Each structure stands twice: as C-alpha cells, then as structure tokens.
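Worksheet: the structure to be examined is printed underneath.
Number of protein chains: 2
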Amino acid sequence: MSAPDRTVRAKGSTRHDHIVEDIRSLIVDGCWPPGSQIPVETELAERYGVSRMTMNKALGQLAREGFLVRRKKSGTQVAQPRAESAVVAIADIRDEVRNSGRAYRFHLLARRVRAAREEDALLLGSPPGRAEVLWLQGLHLADDHPFCLETRLINPEAAEGATGQDFGDLAPGAWLLEAVPWSVASHRVRAVNATAAEARLLALPVGEACLEIVRRTQAAGAWVTGVRLLYPGSEHQLVANFGPEAGDGPVRS
Amino acid sequence: MSAPDRTVRAKGSTRHDHIVEDIRSLIVDGCWPPGSQIPVETELAERYGVSRMTMNKALGQLAREGFLVRRKKSGTQVAQPRAESAVVAIADIRDEVRNSGRAYRFHLLARRVRAAREEDALLLGSPPGRAEVLWLQGLHLADDHPFCLETRLINPEAAEGATGQDFGDLAPGAWLLEAVPWSVASHRVRAVNATAAEARLLALPVGEACLEIVRRTQAAGAWVTGVRLLYPGSEHQLVANFGPEAGDGPVRS
DNA sequence: GCCTCAATTATGATTAGACATAAAGGAGGC
DNA sequence: GCCTCCTTTATGTCTAATCATAATTGAGGC
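Protein sequence lines correspond, in order, to chains A and B. Using our numbering, read the first sequence as starting at 4 and increasing by one per residue. Using our numbering, read the second sequence as starting at 4 and increasing by one per residue.
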C-alpha cells in the first residue's frame, strides 16, 4: 500500500479536499440528514481508500466548518444547523472601487493635531488618554464622485511619522498599512441617516440612509487608529456566500 | 523520542495551537516584520521541540489565516497585510434578541399563496419560474417591541409542508431550518430609508435609516427561500473582531 | 553573456503506527 | 435497583518516513 494511488482526481485538489467536498455535498443534498450518525473514521478511510490520518483531516475540517459534530466514543454526527447566521466581508475601499472598474482617488478635507477629547471615545472604544491625537477627514472618490466619507483619529505615538505625513491624496488607511504593518481591529456596522454636513460632502439628500463602518485598530497593545467610514446606502453593500455557521473563523485576539 | 513530552503547556491547548499563538504574537507585535523570511520548517520544528509534521500543521494554519505566505523552495515569509478588509457576522435574530436579555416573539402580519411575479427576482436573485410562491410578512419582536421586519418568499416545491404551515407565531426561518435542514445562502447588506409602510410597522419615523439584509437560500440546486430583513439602524449593528484577511473562510459552494 | 536543463531544496501530502483522552456501556458489589 | 469502577471504543494528537511538487540555483553549452 505504500505505492501512491494514481486514480483520477480533480486536478490541483488533494485527496482530503476531494473527500471534504464529497461529504459536504452528501450533507447539503440531504443524503445524510442532521443528527444522523456517520460511519467511523476507520470505515470511511477504508471506503475512500485512504489512511485514517487523511480521513481525520477531512472530517476535522468539516467539523471546523460546522457541518459535523465529533465527540469521542460517541462518534461523528451531522450537525444540526444551528441558526440563520452568516458572515459578510468588508472589502478594502480602494480595491472595491477598482474592482468596479472605476478610478480611485482620495481627497483630504481637513487635518488637525489636537488634544484628545471625550467624544473621541466613540472612535477609540476606550476613554482617550491625555495625549495628542491626529484628526483627519477625507473623501474616497470613484471616478471623482464621492464614494465614502472617512473620519479618522490616529495615535501619533503608535504610528511613527504620522504627524509628518500630509495625506494630501494618500489615504491614511493605506499609509498606516505601511507604517504599522500588523494589527488587529474590531468592526461595527450600522445604518445611519446622513447629517446635513455629511450629506453635503457625499452629494446626497439630507437624511439619506448610509452604511456606517467603525473600525478600531490596535497593534502591540496600544490603540493605533479609529476610523468611521460612511457609505451612501444606495451605492454600497456587503456581500457574502455561505453555508453553515462561521466555525471558528480567523482570529479572535 | 517516542515518549510524549510532558512539558508544561496551556491547559486544553494542543502543541500546534500553542505554536500558532506564539508565532502569531511574534508577527502582530512586530518582531517578525512583513516580508521577512522566517526559519525553515525543520529548524522551527527543532526549536519548538516537535516533529516537522506538527510544525507544518501550525504554519499551514497561520498561512490559511493569512499571516504567512508559503511558497515551495522560496520558504515561508510573513505576509504583507493586504488591505483594510474584514469579516463581520450576521447573527440569528432569535439568538440576538435573547442574548440581549429580552424576550423574543414572532408575529405574522400577512400570508399569501400566489403566482410568482417579476418583482420577486429581487428576493430570489433569478427570474421567477411559472410556479406558485408562498409570500409572508412578519415582525420579530424584542420585549414586544418591533425589532426586525421580515418579508419572505418560500418555494413550496422545495419546502414540503410550507403551504400547510400557518406561521402564526413560529418564525418561518426557524421552521425552514427544520424542514430543509442543510442549505447554502448568499447575503447582501445595505442601508435604506424606511418607507412609510415600513416605518409604521417598525414604529419609526419615516425615512429612518435601516439596515437591510437580503438572504437567498438554496438547497439541492433549487431555490428554497428569499428573505428581506429590515432592522432599525439605531438599534442594530453587526460586529466583528479581526486580524488579517478572511483567508479562505468557511464555505464557498 | 545568455540560454537551457538538471540538481537542489523547501514545502505539501500521505501513510502506518503509537499513545492520549473522553465517554459509553457493562460487570460487579452493595 | 442503583452506584461505582473498569473495559471498550472512537476520536485526537503526534511522530518518523516517504514521495510529490514547484521553484530556485547553478553548471554546462553555445
């Protein structure tokens, strides 16, 4: 059995990938109903003609994705779909504009270095310290048409060189990506009515529904930046394609 | 070396999990800057005192999460953070209400069996067939206060027994979960202004910004249901905690 | 100097074997 | 009958070894 088998197999896909897809379709198509017990690892391994390790990898992946529930001794069951939950992606603004075939441009509206205030907690999530902050406001443009209004606070201590940067037409997000490479962020998405000032900047009627995304970014323990992105609701949307629950997804730090 | 090592280790965490966390913090804290070459598998394995397979599992996971880029021969590099992208979770309505400590209730407003129309394509994503559809509208209530307005189409052919169900106070989503267990769905999130009718039902001012989630569900190739959920923007929000990009995330079928 | 091709090398996949762990189920004692 | 303890069993983790694959590197030919 040490000879690798040469049976036809979808090009570029591995053995356990193939098994994962096969079992997933058995579940989604209803052949294996929720709650049903599925054969034990060793039997499935034999049936697919692979080792138990490979089968384990495939079943483990399906369990992480939420399709299977595995317990020692009890064996493996098809999961009960828990809830109508899902996961949507927030894209990078520049990528999003360019992917829609339009020209991207950033235009700085205002820029100030000032002491931190109480109201900044909205963007930072925590009560602001005594330090100075860099406050920015700018527009992301698609074909020179307003696409997204950005209001941002930057911690000059965490982002070296931020106060020396003028952000004339370089989006602060893009600059921060270079300056403070790895970071973790938390996000919040809401719908809000555009205020008069916001509506004017985005060339919208006052009160127009907008998608608001607030992102707070940390690196090495300190807050780096807090940003509020305001998208005209008519123009922007988040999209996701999805099966069961999020599983453990990416990072949780 | 066949004796399992008994070095102290975070309780409940496996060896590769421990390594994953360790390396992730090296990256996030900036000790390993983006683009830098990291030691080869064999050396890291030796350094952590594990086999190459275990090291491979850890590095493979970090690569799936987007922290590392691995290429044959070239070795493994710390990834360049690509973009300010992220992923947010859409929770199940009932879970969400209950998790906020309020009582959940569903209240059916209208129910109709009728022929499919052109306008239904908005909820289905595809031009409707010639068949009949079940049309429903109802309110999700939190402590008897409007929380979410649901407008739904159901395919009676794909969801057996749907026409016989009256949905008096059972949310169609919950019922469908039982009747058509496994399915895949696509989602779209937007901000919209409440129309007069919607505002009245949700007890909001006309024009109030609302979060609109449209979900289209398929199972075994046929469309099962299309639903539009309308949340008062002031009350509802999506939240995510996140590191790098989505990786490959959950399912893509 | 430049191109081609083969050797090298790091990651990727797979396997068989071993031990760990948790839980179900049954045997035995009371 | 009921409780306790031990055996059984299925999954979980880890290892060492092997082959596969892709890309870089360098040697040789022109």
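C-beta: ideal position from N, C-alpha, C; glycine also. These numbers come from a predicted model, not from an experiment.
Residue interval of the beta strand (DSSP E) (run including residue i)
i        : result
B/THR228 : 225 to 235
A/GLU215 : 212 to 222
A/ARG114 : 107 to 118
A/VAL264 : An answer regarding residue 264 of chain A cannot be provided, because it is not within the stretch 4 to 256 covered by chain A.
A/PRO36  : Neither: A/PRO36 is in no beta strand (DSSP E) and is coded neither H nor E.
B/LEU207 : Careful: B/LEU207 lies outside any beta strand (DSSP E) and carries neither H nor E.
A/ALA197 : No beta strand (DSSP E) contains A/ALA197, which DSSP labels as neither H nor E.
B/GLY78  : 78 to 81
B/PRO159 : No beta strand (DSSP E) contains B/PRO159, which DSSP labels as neither H nor E.
Cβ neighbours of residue i in the same chain (closer than 6 angstroms, five flanking residues each side left out)
i        : result
B/GLN140 : LEU112, ALA113, THR154
A/VAL72  : GLN80, ALA82
B/GLN240 : none
A/GLY236 : ALA212, CYS213, LEU214
B/ARG108 : LEU144
A/VAL217 : ARG191, ARG231
Chain-order list of residues whose beta-carbon lies under 7 angstroms from that of residue i (same chain, five-residue window excluded)
i        : result
B/TRP138 : ARG115, ARG117, LEU156
B/HIS110 : GLY141, LEU142, LEU144, ASP172
B/GLU163 : ALA182
A/PRO175 : LEU139, ARG155, ILE157
A/ASP8   : Note that A/ASP8 scores a pLDDT of 39, beneath 50, so its modelled location is shaky and nothing firm can be said.
B/GLY38  : GLN80, VAL81, GLN83
A/GLN40  : GLY78, GLN80
Host alpha helix (DSSP H) of residue i (start-end)
i        : result
B/GLN40  : That residue, B/GLN40, is in no alpha helix (DSSP H); it is neither H nor E in DSSP.
B/GLU24  : 18 to 31
A/GLU1   : Because chain A here runs from 4 to 256, residue 1 of chain A falls outside it and cannot be looked at.
A/PRO175 : 175 to 182
A/THR57  : 55 to 68
A/ALA124 : 124 to 127
Within 7 angstroms, strictly: CB atoms of residue i and residue j
i        : j        : result
B/LEU152 : B/LEU214 : no
A/TRP185 : B/VAL90  : no
A/VAL183 : A/ALA119 : no
B/THR57  : B/ARG18  : yes
A/GLY128 : A/ARG193 : no
A/LEU180 : B/PRO36  : no
A/ASN196 : B/ALA212 : yes
A/PRO149 : A/ALA92  : no
B/ARG191 : B/ASP146 : no
B/ASP43  : B/GLY78  : Residue identity check: residue 43 of chain B is Val in the sequence provided, not Asp. In this structure, B/GLY78 lies closer than 7 angstroms to B/VAL43 by Cβ.
B/ILE161 : B/VAL100 : Reading off the sequence shown, one finds Ala at residue 161 of chain B, where the question assumed Ile. Cβ atoms of B/ALA161 and B/VAL100: not closer than 7 angstroms.
Assigned exposure category for residue i - 16 Cβ within 10 Å defines buried
i        : result
A/ASN102 : exposed
A/SER88  : buried
A/LYS60  : buried
B/PRO208 : exposed
A/VAL23  : buried
A/LEU65  : buried
A/ALA200 : exposed
A/ALA165 : buried
B/LEU126 : buried
B/ASP169 : exposed
B/MET4   : Residue placement at B/MET4 is poorly supported in this model, since its pLDDT is 38, which falls under 50; the coordinates are not used for a value here.
A/ALA124 : exposed
A/GLY229 : buried
B/ALA225 : exposed
A/SER16  : exposed
Beta-carbon contacts of residue i that lie in its chain and below 8 angstroms, excluding the five residues immediately before and after
i        : result
A/GLU135 : VAL116, ARG117, ALA118, ALA119, PRO159
A/ALA202 : PRO208, VAL209, GLY210, GLU211
To be precise: take each residue of the stretch 156 to 184 of chain A, compare its Cβ to all Cβ atoms of chain B, and keep it if any distance is under 7 angstroms. Which residues remain?
GLY176, LEU180, PRO184
Name, going along the chain, the residues of the stretch 135 to 156 of chain B whose beta-carbon falls closer than 7 angstroms to a beta-carbon of chain A.
none
For the stretch 189 to 210 of chain B, list every residue whose C-beta sits within 9 angstroms of some C-beta in chain A, in sequence order.
SER189, HIS190, ARG191, VAL192, ARG193, ALA194, VAL195, ASN196, ALA197, GLY210
Residues of the stretch 29 to 42 of chain A in Cβ contact with chain B at a cutoff of 8 angstroms, in chain order, please.
ILE30, VAL31, ASP32, GLY33, PRO36, PRO37
Please list, in chain order, the residues of the stretch 79 to 93 of chain A that have any C-beta partner in chain B closer than 7 angstroms.
PRO84, ALA86, GLU87, SER88, ALA89, VAL90, VAL91, ALA92, ILE93
Closer than 7 angstroms, Cβ to Cβ, to anything on chain B: give me those residues from the stretch 63 to 74 of chain A, in chain order.
GLU68
Using a Cβ-Cβ cut-off of less than 7 angstroms, give me the residues of the stretch 225 to 237 of chain B that come near chain A, in sequence order.
GLY236
For the stretch 100 to 126 of chain A, which residues have a beta carbon sitting closer than 8 angstroms to at least one beta carbon of chain B?
none
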